[in-house]
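There are 2 protein chains.
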Amino acid sequence: MPTQTFFHLPKSKQDKLIQAAKKEFSRVPLHEASIANIVKEAEIPRGSFYQYFEGKEDLYYYLLNEISEENNAQFHLSLQENDGDIFEAFIDSFQFVVQGQKKQEHKKIFKNAFLNMNYKIENILANNLYEENRKNNYLSIINLINKKKLNIQNEEELHQLMKIVLSVTFHNFVQIFVKELTEQEALKNYVKQIELLKRGLSNEYSNTSS
Amino acid sequence: MPTQTFFHLPKSKQDKLIQAAKKEFSRVPLHEASIANIVKEAEIPRGSFYQYFEGKEDLYYYLLNEISEENNAQFHLSLQENDGDIFEAFIDSFQFVVQGQKKQEHKKIFKNAFLNMNYKIENILANNLYEENRKNNYLSIINLINKKKLNIQNEEELHQLMKIVLSVTFHNFVQIFVKELTEQEALKNYVKQIELLKRGLSNEYSNTSS
DNA sequence: ATTATATGTGACACCGTGTCATAAGTCAAT
DNA sequence: ATTGACTTATGACACGGTGTCACATATAAT
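Line by line, the protein sequences give chains X and Z.
The numbering of the first sequence is my numbering, which starts it at 1034 and goes up by one.
The numbering of the second sequence is my numbering, which starts it at 1034 and goes up by one.
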């Protein structure tokens, strides 16, 4: 997290720094980004940077968390609109992100994030990283889910189910950039995989699939 | 890939370099690893290093590919032993890796790899990275799979199914190190998720699950 | 012996990092 | 208005890692 000092800064100075950071993290992934570039662009002295952030990771994760909040809000919304159907909510959100990023300034930041996705980045994009939010967010989602539509017997299975869908979802995001898929291809693959997830991968369970 | 020059080296010199690399990549993940440390440990001049590898990434991915081949072979074996039951094969292999790493010298390398997993690392661990192998490997696996047990209608669905199971598998590996799970916990979670995958996440499909 | 080709070597210029000593504000109390 | 306590600003600097390049040394081929 940024220090208090950063938040005490006049908004204009904060913004200039954030803009500079966005520019740098659009250019290259975290491990190639340089503080030198950011402070040059933001026209602040190097020493000041370290008054606000512990290092570039601190800034990066803060920034990523900020710009992913919109997507998280969208997920909540989708879940409500779809009467707690989690699969529809995931698909809607997937589409929202894929299409949204098209015009957005954040497209390249996401590209670099997905191509260098690790568990930290995944956590930030999935929950909101920062502690208090995390649990509340998760619980409020769990509460919105219509469990009747799901083939599960208890909370623990719901938890595992969420993990599964999240794994698959992130993997599909990554593939967009790795394979340079079009929106349509990406969505088609994702919908297909969700479909398979829903109906089950094995036919030991007497599914009625054609 | 290493240069020809590297492969022309006497085995002992190759080994010394590889050992030094293993030591460094056990200590820290790729982006923190330093060539300086490796060449010091291996007692080769810095200039020579660049005769053999383009940079530390080159060495790292080569190394990772080498040490993951054992696991890949194991997967093949499991698939055969389990009569093409891909789920059992995945579970066996998961167990093999989880238990195997316990005593192994490679444990920390894998830890650093999984905690910083990105699509490149995933590709190396999943297929064998290097081009010719990749397709052959994939095809030979596809051929070993008993499709009759699967709830799929064509090759394309099989492809998507593989992606799903791989996503989930890697995510479970990562969780071992993120959450510092015991072997038992890790395996239990994984088996549970595979179970859910097999029987399907939705109950729209008239599954007979209790 | 001569030429060509492959390999070895380490000093060097470059760049980014994080820190630290010092300066400069802010503000409340006397 | 001065003092003291605290917060914030600043940029020079030492450190460490990178990749390259000019030169040295093998090895092989004619």
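Here a beta-carbon is modelled for each residue, glycine too, at the ideal position from N, C-alpha and C.
This one's a predicted model, so the numbers in the text were calculated from it and none came from an experiment.
Along the chain, where does the alpha helix (DSSP H) containing residue i start, and where does it finish?
i: ALA1066 (chain X); result: Looking at the DSSP string, ALA1066 (chain X) is not in any alpha helix (DSSP H), and its letter there is neither H nor E.
i: ILE1223 (chain Z); result: The question names Ile, yet the displayed sequence has Tyr at residue 1223 (chain Z). Unbroken alpha helix (DSSP H) run through TYR1223 (chain Z): 1216-1232.
i: HIS1041 (chain X); result: 1037-1041
i: GLU1155 (chain X); result: 1152-1159
i: ILE1178 (chain X); result: Where ILE1178 (chain X) is concerned, there is no enclosing alpha helix (DSSP H), given that its DSSP letter is neither H nor E.
i: LYS1144 (chain X); result: 1140-1148
i: MET1195 (chain X); result: 1188-1211
Measuring CA to CA, which of the options is closest to residue i?
i: PHE1147 (chain Z); options: Z:PHE1058, Z:GLU1114, Z:TYR1083 and Z:HIS1192; result: Z:PHE1058
i: ASN1160 (chain X); options: X:LYS1196, X:PRO1043, X:GLN1186 and X:PHE1143; result: X:LYS1196
i: PHE1143 (chain Z); options: Z:ILE1175, Z:SER1101, Z:PHE1127 and Z:ILE1077; result: Z:SER1101
i: ALA1066 (chain X); options: X:ALA1053, X:TYR1085 and X:PRO1078; result: X:ALA1053
i: TYR1223 (chain X); options: X:THR1202, X:LYS1231, X:TYR1085 and X:ALA1106; result: X:THR1202
i: LEU1234 (chain X); options: Z:GLU1218, Z:ASN1184, Z:TYR1238 and Z:LYS1089; result: Z:ASN1184
i: PRO1043 (chain X); options: X:TYR1085, X:MET1034 and X:HIS1064; result: X:TYR1085
i: PRO1035 (chain Z); options: Z:GLU1213, Z:ILE1071, Z:LYS1056 and Z:PHE1082; result: Z:PHE1082
i: ASP1116 (chain Z); options: Z:ASN1179, Z:GLN1132 and Z:LYS1153; result: Z:ASN1179
i: LYS1049 (chain Z); options: Z:LYS1073, Z:THR1038 and Z:LEU1063; result: Z:LYS1073
i: LYS1182 (chain X); options: X:LEU1194, X:GLU1216, X:SER1173 and X:TYR1171; result: X:LEU1194
i: LYS1153 (chain X); options: Z:GLN1208, Z:ALA1075 and Z:GLU1099; result: Z:GLN1208
i: LYS1225 (chain Z); options: Z:PHE1127, Z:GLU1237 and Z:TYR1238; result: Z:PHE1127
i: LEU1092 (chain X); options: X:LYS1055, X:GLY1080 and X:LYS1221; result: X:LYS1055
i: LYS1231 (chain X); options: Z:ILE1227, Z:ASN1236 and Z:GLU1228; result: Z:ASN1236
i: VAL1061 (chain X); options: X:ASN1156, X:LYS1140 and X:LEU1112; result: X:LYS1140
i: ILE1174 (chain X); options: X:LYS1046, X:LEU1112, X:PRO1078 and X:HIS1041; result: X:LEU1112
i: ASN1145 (chain X); options: X:ASN1105, X:PHE1108, X:GLU1099 and X:PHE1206; result: X:PHE1206
i: GLU1188 (chain X); options: X:SER1200, X:LEU1172 and X:LEU1199; result: X:LEU1172
i: PRO1078 (chain Z); options: Z:LYS1046, Z:THR1215 and Z:LEU1199; result: Z:LYS1046
i: LEU1220 (chain X); options: X:LEU1110, X:PHE1123 and X:ALA1075; result: X:PHE1123
i: ASN1170 (chain X); options: X:GLN1037, X:LEU1110, X:PHE1040 and X:GLY1080; result: X:LEU1110
i: SER1200 (chain X); options: X:LEU1158, X:TYR1095, X:GLY1088 and X:HIS1064; result: X:LEU1158
i: ILE1266 (chain X); options: Z:ILE1068, Z:GLU1218 and Z:VAL1198; result: No information on residue 1266 (chain X) is available, as it lies outside the stretch 1034 to 1243 that chain X covers here.
i: GLN1217 (chain X); options: X:LEU1063, X:PHE1129, X:LEU1191 and X:ILE1119; result: X:PHE1129
i: GLU1099 (chain X); options: X:TYR1163, X:LEU1229, X:GLN1186 and X:PHE1120; result: X:TYR1163
i: GLN1137 (chain Z); options: Z:ASN1104, Z:ILE1119, Z:LYS1168 and Z:MET1150; result: Z:ASN1104
i: GLU1121 (chain Z); options: Z:ILE1051, Z:ASN1156 and Z:LEU1177; result: Z:LEU1177
i: GLU1090 (chain X); options: X:GLU1155, X:LEU1191, X:GLU1076 and X:LEU1063; result: X:LEU1063
i: GLY1314 (chain Z); options: Z:GLN1107, Z:GLU1076 and Z:ILE1068; result: Only positions 1034 to 1243 of chain Z appear in the structure, and residue 1314 (chain Z) is not among them; the question remains open.
i: TYR1094 (chain Z); options: Z:LYS1212, Z:GLU1213 and Z:ASN1156; result: Z:ASN1156
i: GLU1190 (chain Z); options: X:LEU1229, X:LYS1168 and X:GLU1165; result: X:LEU1229
i: LYS1168 (chain Z); options: Z:MET1150, Z:GLN1186, Z:HIS1192 and Z:ASN1151; result: Z:HIS1192
i: GLN1134 (chain X); options: X:THR1215, X:THR1038, X:PHE1039 and X:HIS1041; result: X:THR1215
i: TYR1213 (chain Z); options: Z:ASN1166, Z:VAL1131 and Z:ASP1125; result: At residue 1213 (chain Z) the sequence reads Glu, which differs from the Tyr that was named. Of the listed residues, the one whose Cα sits closest to GLU1213 (chain Z) is Z:VAL1131.
i: ALA1075 (chain X); options: X:ILE1051, X:LEU1096 and X:LEU1097; result: X:ILE1051
i: LEU1097 (chain X); options: X:ASN1070, X:TYR1238, X:GLY1080 and X:MET1150; result: X:MET1150
i: ASN1166 (chain X); options: X:PHE1040, X:ALA1106, X:ASN1070 and X:GLY1080; result: X:ALA1106
Give me the DSSP bridge partner(s) of residue i.
i: LEU1183 (chain X); result: Z:SER1235
Let me check you understand the geometry: is the CB of residue i closer than 6 Å to at least one non-hydrogen atom of the ligand MN?
i: LYS1212 (chain Z); result: Within the structure as shown, the ligand MN is missing, as the structure has no ligands at all.
Which of the residues in the region 1186-1201 of chain Z, read from start to end, lie with their CB under 9 Å from any CB of chain X?
GLN1186, GLU1189, GLU1190, GLN1193, LEU1194, LYS1196, ILE1197, VAL1198, LEU1199, SER1200 and VAL1201
Which runs of the alpha helix (DSSP H) at least 4 residues long sit entirely within the region 1047-1104 of chain X? Give them in chain order.
1068-1075 and 1079-1085
Proximal residues, the region 1222-1241 of chain X versus chain Z, C-beta separation under 8 Å
ASN1222, LYS1225, GLN1226, LEU1229, LEU1230, LYS1231, ARG1232, GLY1233, LEU1234, SER1235, ASN1236, GLU1237, TYR1238, SER1239, ASN1240 and THR1241
Using Cβ-Cβ distances below 7 Å, what residues of the region 1136-1149 of chain Z are close to chain X?
LEU1148 and ASN1149
Residues of the region 1092-1107 of chain Z in Cβ contact with chain X at a cutoff of 9 Å, in chain order, please.
none
Could you name the residues of the region 1202-1215 of chain X whose beta carbon sits closer than 7 Å to any beta carbon of chain Z, in the order they occur along the chain?
HIS1204, VAL1207 and VAL1211
Give the residues from the region 1172-1186 of chain X that approach chain Z closer than 7 Å (Cβ to any Cβ), ordered along the chain.
LYS1182, LEU1183 and ASN1184
At a Cβ cut of 8 Å, what residues of the region 1111-1138 of chain X count as close to chain Z, listed as they run along the chain?
PHE1120
Could you name the residues of the region 1050-1075 of chain X whose beta carbon sits closer than 8 Å to any beta carbon of chain Z, in the order they occur along the chain?
HIS1064
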